[in-house]
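Asker: Numbering (the UniProt record's numbering) for the sequence shown: 1 to 78.
Note that beta-carbon positions come from the ideal geometry of N, C-alpha and C, so glycine has one too.
Quick caveat, the model's predicted, so the values are computed rather than measured.
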Amino acid sequence: MMDLLTRINQHYQELTEQERQMITALQKVDLAWDGLTSSELAKKLYVSRASIFRMLKKLELESFAELKYLIETNRIEL
Numbered sequence: 001m002m003d004l005l006t007r008i009n010q011h012y013q014e015l016t017e018q019e020r021q022m023i024t025a026l027q028k029v030d031l032a033w034d035g036l037t038s039s040e041l042a043k044k045l046y047v048s049r050a051s052i053f054r055m056l057k058k059l060e061l062e063s064f065a066e067l068k069y070l071i072e073t074n075r076i077e078l
């Protein structure tokens with residue numbers, strides 16, 4: 001499985017400015033990922049759930065759970 005940082009680098013040019021800002025915010029926001037829902041993340045980042053899922057699609061992630069898995073298993077250094 002490709003790590004998240006590789007995915008971000010690979011698809012960076014495809015991301016909108018808002019999606020890039022979401023990634024930057026993920027680096028700065030201290031989140032308890034265990035039990036976190038996409039709705040809760042959207043509220044914390046001040047974006048819609050649809051924006052999160054569009055970004056996930058561009059990063060070739062199949063679900064919010066996959067994003068959480070990659071972050072929780074420390075496969076990336078955000």
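Helix, strand or coil for S36, going by three-state DSSP, please let me know.
Answerer: Going by the sequence as given, residue 36 is Leu instead of Ser. Coil.
Asker: Which term fits L61, buried or exposed, when burial requires 16 or more other beta carbons within 10 angstroms of its beta carbon?
Answerer: By the neighbour-count rule (16 or more Cβ atoms within 10 Å), L61 is buried.
Asker: Whole angstroms are fine: how far does the CA of T37 sit from the CA of D30?
Answerer: 15 Å
Asker: Could you give the DSSP three-state label for M22: helix, strand or coil?
Answerer: Looking at M22 - three-state DSSP - the assignment turns out to be helix.
Asker: Assuming E14 and K58 are in contact, meaning their beta carbons sit under 8 Å apart, how far apart are those beta carbons, in whole angstroms?
Answerer: 5 Å
Asker: How many whole angstroms separate the CB atoms of S39 and R49, which I take to be in contact at a CB cut-off of 8 Å?
Answerer: Indeed, because the Cβ distance is near 6 Å, the residues count as touching under 8 Å.
Asker: Tell me the rounded alpha-carbon separation between A32 and Q21.
Answerer: 20 Å
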